[in-house]
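Only one structure is covered here, and it is reproduced in the block below.
In the UniProt record's numbering, the protein residues as written are 1 to 190.
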């Protein structure tokens with residue numbers, strides 16, 4: 001079988017859905033390579049900074065590793081701005097949704113909230129409120145998000161920082177995205 005015969009999902013047969021499932025499993029296994037391509041596209045995206053968004057992402061991941069972060073946080077730092085091209089107004093949520101099935105809930109929350117938390121560094125320059133993140137000061141992962149932003153994200157715009165290349169992080173990306181999606185043992189949801 002090369003394609004299914006049905007034109008409406010409700011008409012599919014067990015054989016067709018088994019065929020599609022096998023293709024889906026192969027497609028899911030190739031997610032790290034598609035993420036690599038998406039990261040590489042950040043090399044020519046948003047202008048104006050001294051480094052590209054790709055270099056920023058690599059630098060954030062390098063900084064996370066240098067701080068002793070675990071693999072979930074290193075991969076999260078690598079992917080945290082992946083949504084800049086396709087979802088600039090909600091890039092944090094975009095990246096978090098990609099990570100959510102594969103990393104623990106804390107890491108997903110930190111990535112999802114980093115856009116708001118980052119505003120403390122620059123919002124006042126636009127006449128916006130830099131303190132919106134304080135609404136979450138009682139959240140159990142508030143400090144973790146502050147740390148992520150302070151140590152790895154807002155500091156990762158330095159063209160002279162010794163940043164590791166994307167190839168270095170690919171084995172970590174493959175490891176995280178080869179996990180079983182939504183595995184309760186990994187997610188550790190509250």
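Glycine included, C-beta positions come from ideal geometry on N, C-alpha and C.
Close Cβ partners of residue 9 (< 8 angstroms) along its chain, the five nearest in sequence each way excluded: none
Excluding the 5 residues preceding and the 5 following residue 73 in the sequence, name in chain order all residues of the same chain whose CB lies nearer than 7 angstroms to its CB. 64 and 107
In three-state DSSP terms, what is residue 17? helix
Just how far apart, CA to CA, sit residue 78 and residue 151? 14 angstroms
Whole-Å CB distance - residue 129 paired with residue 135, under 8 angstroms assumed: In this structure residue 129 does not touch residue 135 by the C-beta definition: roughly 10 angstroms separates them, more than the 8 angstroms allowed.
Going by beta-carbon coordinates alone, are residue 118 and residue 149 separated by less than 8 angstroms? yes
Should the stretch 45-53 be called in touch with the stretch 150-166, which here means at least 3 C-beta pairs below 8 angstroms? yes
Where does residue 66 sit, in a helix, a strand or coil, going by DSSP? helix
Collapsed DSSP secondary structure at residue 101 in the structure displayed: coil
For residue 18 and residue 28, what's the separation of their Cα atoms in angstroms? 15 angstroms
Taking the alpha-carbon positions, what's the residue 167 to residue 59 distance? Between the alpha carbons of residue 167 and residue 59 lies a distance of about 13 angstroms.
7 angstroms Cβ shell around residue 111 - same chain, five flanking residues per side excluded: When the five nearest sequence neighbours on each side are left out, the beta carbons in the same chain lying within less than 7 angstroms of the beta carbon of residue 111 are those of 76, 80, 92, 95, 96 and 99, in order along the chain.
Give every residue of the same chain whose Cβ lies closer than 8 angstroms to the Cβ of residue 154, excluding the five residues on either side of it in the sequence, and list them in chain order. 118 and 121
So is residue 6 buried or exposed if we call it buried at 16+ other beta carbons inside 10 Å? exposed
In three-state DSSP terms, what is residue 85? coil
Between the stretch 27-44 and the stretch 177-185, do at least 3 Cβ pairs fall closer than 8 angstroms? yes
Please report how far the alpha carbon of residue 41 lies from the alpha carbon of residue 144, in whole angstroms. When only Cα atoms are considered, residue 41 and residue 144 end up about 28 angstroms apart.
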